[in-house]
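Counting along the sequence shown from 1, when you hit position 140 you're at 1383 in this note's numbering, and nothing is skipped either side.
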Amino acid sequence: SGGEEGAGARDRDRGKVSLAQARILMKNKKYERAREAYRDATLHDEHSFEARLMLGWSRFLADHADHEQAFADLEQARGMGVNPGEALYYMGRVRLLQKDFAGARKWFEKAAAASLNGHANATRELRLMDQRGQGVADESGEDDQAKPRGFFSRLRRN
């Protein structure tokens, strides 16, 4: 059984190396290569929350069309129970970049509620969305995604 433990430790070490490489690739905005490195990290250490979480995020950044699989990866990370608020935050980021403001707001609110002291990034995103009027229902009950915002759009309406 000592050989199995040694193999497991070697796999975790390879996973840590892949994780370190992926972090550098993400910083350099090489999202496709980062996605591959995060995938490798999850193959070497299936219990790595960071690898699973960032696999989903890098998958989305590499190809916005792959949002369903990215969301599935984020959902899997959330289910690991390590830091559900962080997974919920990235789910909100995916929805925000898709311009699904109501969906983004829902995930950011869940992220803030899932953390004991609130989730600072999710709270900041909610505040920014409030300032922009994104993801809030108007009097008619319709989401205002298509409404123009800002100083110049107000001038045009008057």
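Glycine residues also receive a C-beta, built at the ideal position from the N, C-alpha and C atoms.
- Residue state for D1288 is assigned as coil, using DSSP reduced to three classes.
- DSSP places Q1374 inside the alpha helix (DSSP H), whose first and last residues are 1363–1375.
- If you draw a 10 Å sphere on the C-beta of V1379, you find fewer than 16 other C-beta atoms in it, and that means exposed.
- Here R1282 has L1298 as same chain residues with Cβ atoms under 7 Å from its own Cβ, once five neighbours each way along the sequence are excluded.
- Residue environment: G1322 is assigned as exposed (fewer than 16 neighbouring CB atoms within 10 Å of its CB, all protein chains considered).
- By the criterion of a C-beta distance shorter than 6 Å, R1255 is surrounded in its chain by D1288, once the five residues flanking it on both sides are discounted.
- In the structure shown, the three-state DSSP call for V1337 is helix.
- With contacts defined as CB atoms closer than 8 Å, L1296 and A1320 qualify as a contacting pair.
- The beta carbon of F1351 is closer than 6 Å to those of G1335, A1365, E1368, L1369 in its chain, skipping five residues each way along the sequence.
- Using a Cβ distance threshold of 8 Å, G1258 and S1301 do not count as a contacting pair.
- Between P1327 and A1357 the beta-carbon gap is near 5 Å, inside 8 Å, which marks them as a contact.
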